[in-house]
Amino acid sequence: YVKEGFYARSRESEIRCPDLEINQLVSLENVTERVLSAIKPGLSDKEGNEARKAAEAAIEKESTDKTGLRSDVVELYQGGEYWLYRYKKYTDVRLVMAPELQAAFYGGDYDNFTYPRFALDFAFFRVYEKDKPVVPARYFPWSPAGAKEGELTFVTGHPGSTDRLFTVSQLELQRELALPLRLKMYHGRREAMRAYAARGAEQARRAQDYIFGLENGIKALSGEQRGLNDPAVFKRKVADEKELRSKIAGDPKLAAAYGGAFQRVEAAQKALAKRYAPFVFRRLGGRKLVNVANALVRMGTELEKPNEKRYEEFRDSALESLKFQLFSPAPIYPDLEEALLAYSLEESAKELGPNDPFVKAALGGRSARDVAHDAVAGTKLADVAFRKKLAEGGRKAIAASDDPMIALARALDGLYREQRDWYEANIQSVERLEGGKIAKARFAVYGKGVYPDATFTLRMSYGKPAGYAWGETLVPYKTTFGGLYDRADSFDGREPFHLSAKVAAARGKVELSTPLDFVSTHDIIGGNSGSPVVNADAQLVGLIFDGNIQSLVGRYLYEPEAGRALSVHSSAIREALRSIYGMKSLLKELDASAKAPARR
């Protein structure tokens, strides 16, 4: 499938995705007053944070019990507001069609976060409920014409996270410590995975997705770091904060209520900086087995606590989704798990030193490779039934288990809890409570002219397809199929700029002038991949899959001059289905939706 793609020619041949969960937002409710009222005057930062978490847990449980919907309390404006999001959940999701990797990720890491771009980066899934396809009451009809230069368009999606409302002290910690250390970790793990992939073709396939993720992270974090190291960017952030603090100081009521918030956040950052390296390197690497072991060990303890006292991922409202992932029958590759675990243990020992409590507990005087081998070779966690039995047995079964991967996770659980509890009591509590005060001051001074940082929740962005000036040249808003074939010819078909067999074979059938990819001014960030681009008639005209390199500073501020969202053109998807992949039945469905009236 990775090499040749997947194409279901009938409903019966669609493939069920074993651990893919789709959540559709149904409703939102402002619960700010209820959450903040739980934080009584006189509480310490730690007590206030615990009261906040307990209130969130109670709201989520009450909503889930009442509606049956997944219910999440979401913090906005760094603690200035809290909203309850309710989702309809679907877990029967089936793959209909996905292009081969070389067509979807054309140009590989060289072209990632760049433009012009020539990628057919899309896939089709069908959502089922009670073994029948879901027929939504509202949808975006397909646009055969696709996006046009300069037209008003909208993007709906779930951008991951931005730090635009961070204080200068928080941004300084990111610039000086967080980004460099995370980049160091990503670079090391990429090299370890490349070494594993070099063992053979099957190992290369198994590592491919993880390597892509690491390379994507390296480019993204490097772009963010360049943004924070840009004197002009940082000068803007410093000036913005200076203006806000000046306005707070100039108003006696604001100064009395919120004047010390920035200093308290700054003090928390200094405390965090002293412990930051352990936060990065005290972790076990693995694709599945390590995560399963950690979840089981922590769940055994957490589920004995009252709902409001648990870590948030183990609250009643989150358990169904957690267990869906935990008991997924998706394949596990022991040699990949062992290679990742061995490297991460070596990395921890190198970065933290042999006397670090985490290193001593994990290795016990043995080599990282021996520990990793014994843990992976001896574990039964690849067996879903075994996982379920341990989960059902709770803390006692976990404590009594002689499974080596469980034993490793158990040995490190105390350190994990100490570190997390310290962070939540000393850093998270300050950032949430003092961040909420800063947000209230910002509301008082500026109103809500600034939208909240991204939180993986549904957002809408408006913009237009548009090229941009870069250096001394102009970059067009779109590329074409003709450009794809020319790019391959210009590199003499060398990897990663070679054409896949299907795309090469279709050269005489594809309409070369058809738009392929395009850029637009929409404000997006990681998490928006898969977001629809729609026009003013609510027709789908494109599919977001990336941003250009200039957009990466968007974690800290929106830069409209050259920062661009990157999408597959709806005409390109239609042309590919027709001329390259022969997906006639799917094309018929899309054409039928295009003829239907828009349902907004």
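According to our numbering, the stretch in the sequence shown is residues 35 to 634, in order. Beta carbons: idealized from backbone N, C-alpha and C, even for Gly. Please read all numbers here as calculations on a predicted model, not as lab measurements.
Where the alpha helix (DSSP H) containing residue i begins and where it ends
| i | result |
| --- | --- |
| Asn325 | Leu323 to Glu336 |
| Ile607 | Ser604 to Glu609 |
| Pro566 | Taken as a continuous stretch (DSSP letters only), Pro566 belongs to no alpha helix (DSSP H), being part of the beta strand (DSSP E) at Pro566 to Asn569. |
| Arg224 | Leu213 to Ala231 |
| Glu529 | From DSSP, Glu529 is part of no alpha helix (DSSP H); its letter is neither H nor E. |
| Leu370 | Pro368 to Leu386 |
| Thr187 | Unbroken run through Thr187 is the beta strand (DSSP E), Thr187 to Gly191; no alpha helix (DSSP H). |
| Ser355 | Asp350 to Leu360 |
| Val169 | Looking at the DSSP string, Val169 is not in any alpha helix (DSSP H), and its letter there is neither H nor E. |
| Ser463 | Ser463 to Tyr480 |
| Asn263 | Ala235 to Asn263 |
| Arg429 | Val418 to Ala434 |
| Tyr457 | Pro438 to Tyr457 |
| Val537 | Ala535 to Ala539 |
| Phe392 | Pro391 to Leu397 |
Sequence-distant residues of its chain with Cβ nearer than 6 Å to residue i (five each side left out)
| i | result |
| --- | --- |
| Arg634 | Any reading at Arg634 needs caution, since the residue's pLDDT is 49, under 50, leaving its predicted position unreliable; the model's value is listed next. If we look at Arg634 and ignore the five residues flanking it on each side, its Cβ neighbours are Ala572. |
| Leu135 | Val36 |
| Ser495 | Val189, His556 and Asp557 |
| Glu300 | Ser203 |
| Leu344 | Residue identity check: residue 344 is Arg in the sequence provided, not Leu. These residues qualify, in order along the chain: Glu336. |
| Pro133 | Gly39 and Leu154 |
| Lys543 | Ser613 |
For residue i: DSSP bridge partner residues
| i | result |
| --- | --- |
| Gln58 | Lys122 |
| Pro549 | Thr514 |
| Glu210 | Paired residue(s): none; Glu210 is not in a bridge. |
| Arg128 | Arg50 and Arg160 |
| Ala599 | Ser554 and Gly581 |
| Asn341 | Looking at the DSSP assignment, Asn341 forms no beta bridge with any residue, so it has no partner. |
| Asn64 | Trp117 |
| Leu574 | Trp176 and Val568 |
| Ser619 | Its beta-bridge partners do not exist; DSSP assigns none. |
Distance, residue j Cα to residue i Cα
| i | j | result |
| --- | --- | --- |
| Gly184 | Arg209 | 36 Å |
| Ile614 | Gly576 | 19 Å |
| Val587 | Tyr144 | 19 Å |
| Ser585 | Glu593 | 7 Å |
| Asn328 | Val169 | 38 Å |
| Glu338 | Pro193 | 34 Å |
| Gly516 | Asp155 | 17 Å |
| Asn582 | Gly597 | 7 Å |
| Lys394 | Ala445 | 10 Å |
| Val410 | Phe147 | 36 Å |
| Phe268 | Leu215 | 20 Å |
| Met333 | Arg454 | 15 Å |
| Gln303 | Asp197 | 15 Å |
| Ala157 | Gly76 | 53 Å |
Endpoints, the beta strand (DSSP E) within which residue i is located
| i | result |
| --- | --- |
| Arg160 | Phe158 to Glu163 |
| Arg494 | First, the amino acid is wrong: residue 494 is Met here, not Arg. Residues Arg493 to Gly497. |
| Ala503 | Tyr502 to Trp504 |
| Leu508 | Thr507 to Val509 |
| Asp404 | Segment Ala402 to Gly412 is the alpha helix (DSSP H) holding Asp404; no beta strand (DSSP E) there. |
| Val108 | Arg104 to Leu110 |
Residues near residue i by beta carbon distance below 7 Å, same chain, minus five either side
| i | result |
| --- | --- |
| Ala364 | Pro52 and Asp53 |
| Leu379 | Ala396, Leu397, Ala402, Val405 and Ala406 |
| Tyr41 | Met131, Tyr615 and Met617 |
| Ala231 | Gln237, Ala238, Ala241 and Ile245 |
| Glu163 | Tyr124 and Asp126 |
| Thr491 | Val108, Tyr119 and His192 |
| Glu347 | Leu356 |
| Glu468 | Ala295, Arg298 and Val299 |
Beta-carbon contacts of residue i that lie in its chain and below 8 Å, excluding the five residues immediately before and after
| i | result |
| --- | --- |
| Leu621 | Arg608, Leu611 and Arg612 |
| Ala291 | Lys471, Lys474 and Ala475 |
| Ser351 | Ala91, Glu94, Lys95, Ser97, Thr98, Arg104, Ser105 and Asp106 |
field: Stretch-stretch touch, CB-based, cutoff 8 Å, three pairs: the region 304-311 with the region 497-508
entry: In this structure the region 304-311 does not touch the region 497-508; the number of beta carbon pairs closer than 8 Å is below three.
query: With contact counted as at least three CB pairs below 8 Å, one residue from each stretch, are the region 384-394 and the region 407-422 in contact?
result: Result no; under three Cβ-Cβ pairs closer than 8 Å.
message: With three or more beta-carbon pairs closer than 8 Å as the criterion, would you say the region 510-530 touches the region 538-557?
response: At 8 Å Cβ cutoff, the stretches touch.
- request: Spell out a yes or no on whether the region 280-295 and the region 244-257 are touching, meaning 3 or more CB-CB pairs, one atom from each, closer than 8 Å.
  value: In short, these stretches do not touch, since the Cβ pair count stays below three.
message: Assess contact between the region 113-129 and the region 37-49, defined as three or more Cβ pairs (one per stretch) separated by less than 8 Å. Is contact present?
response: Yes: at least three Cβ pairs fall under 8 Å.
- prompt: Can at least three beta-carbon pairs, one atom from the region 394-407 and one from the region 368-381, be found at a separation below 8 Å?
  reply: The way I'd put it, the region 394-407 does touch the region 368-381; three or more beta-carbon pairs between them come closer than 8 Å.
field: At least 3 beta-carbon pairs within less than 8 Å: the region 561-569 vs the region 221-241
entry: Taking a contact to require three or more Cβ pairs closer than 8 Å, the region 561-569 and the region 221-241 do not qualify as touching.
query: Counting Cβ pairs closer than 8 Å, one from the region 484-491 and one from the region 101-120, do we hit at least three?
result: They touch, by the three-pair rule.
message: Across the region 215-229 and the region 536-549, are there enough close Cβ pairs to call them in contact, namely three or more that are closer than 8 Å?
response: Because the criterion of three Cβ pairs below 8 Å is not met, the region 215-229 and the region 536-549 do not touch.
query: Do three or more CB pairs link the region 312-331 to the region 432-445 at distances below 8 Å?
result: Put simply, the region 312-331 touches the region 432-445. At least three CB pairs are less than 8 Å apart.
- prompt: Is the region 193-208 close to the region 170-183, with three or more CB pairs under 8 Å?
  reply: Contact between the region 193-208 and the region 170-183 is not established, with fewer than three Cβ pairs separated by less than 8 Å.
- prompt: Given 8 Å as the limit, is there contact between the region 420-434 and the region 344-363, that is, 3 or more CB pairs closer than that?
  reply: By the C-beta criterion, the region 420-434 is judged to be in contact with the region 344-363, since at least 3 inter-stretch pairs fall below 8 Å.
Given 8 Å, three or more beta-carbon pairs between the region 66-74 and the region 84-93: Segment contact: the region 66-74 against the region 84-93, three or more CB-CB distances shorter than 8 Å; contact assigned.
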